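In the working numbering, the protein residues as written are 4 to 132.
These notes are about the structure you will find just below.
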């Protein structure tokens, strides 16, 4: 009596066409998902260690608190009031922004944007004395 060997299945080769399709679908997805915008950075300077620049009469020094609240000499301003005040100033005045602890970066950017829209050109970031 002869026992038949079990019929072995032949391995199917994986076709390249479905793999190529998947690669192109992934390529298309990542091309659509990526951002192709031209990002513009914010140019700013940090205040130097010398205090002569900060002691000028032409300097506006503000502390930026969370929520884009601005403070100068104990007086707190909202962003709209700050922008209105900055518009009345000459564009060559120096604005020193000092971030308070825990102030989000977005709040600083909002204040810088408001100052630039109001026409101020010289903006630097300072530190607390």
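Backbone N, C-alpha and C define an ideal beta-carbon position, used for all residues, glycine too.
What you are looking at is a predicted structure, and each value in this text was computed from that prediction instead of being measured.
Task: Cα-Cα separation between residue 18 and residue 34, rounded to whole angstroms - done: 25 Å
TODO: Work out the CA separation of residue 62 and residue 52 for me, nearest whole Å.
DONE: Because the pLDDT of residue 52 is 49, which lies under 50, any placement of that residue in the model is unreliable, and the number read from its coordinates should be weighed accordingly. Approximately 16 Å, taken between the alpha carbons.
Task: Selected residue, minimal CA-CA separation from residue 88, among 122, 126, 128 and 6 - done: 122
Open item on the list: I need the DSSP call for residue 17, collapsed to helix, strand or coil.
Closed with: coil
- [ ] With a cut-off of 8 Å on the beta carbons, I'd call residue 71 and residue 98 a contact; round off their distance for me.
- [x] Contact flag wrong, Cβ pair sits at about 15 Å.
Task: Extent of the continuous beta strand (DSSP E) run through residue 98 - done: 97-102
- [ ] Using 6 Å as the cut-off, classify the Cβ of residue 75 as near or not near the heavy atoms of the ligand SAM, replying yes or no.
- [x] The ligand SAM is not part of this structure, which contains no ligands at all.
Open item on the list: Counting C-beta neighbours from all protein chains within 10 Å, is the total for residue 85 16 or more, i.e. buried, or is it exposed?
Closed with: buried
Open item on the list: For residue 106, count the other beta carbons within 10 Å of its own beta carbon; 16 or more makes it buried, fewer makes it exposed. Which is it?
Closed with: buried
TODO: Let me know the secondary structure DSSP gives residue 78 once reduced to three states.
DONE: strand
Open item on the list: Quick check: what's the CA-CA separation for residue 36 versus residue 29?
Closed with: 10 Å
Open item on the list: What residue range does the alpha helix (DSSP H) around residue 108 cover?
Closed with: 108-120
Task: Beta-carbon separation (whole angstroms), residue 1 vs residue 113, contact threshold 8 Å - done: Any answer about residue 1 is impossible in this case: the structure gives the chain only from 4 up to 132.
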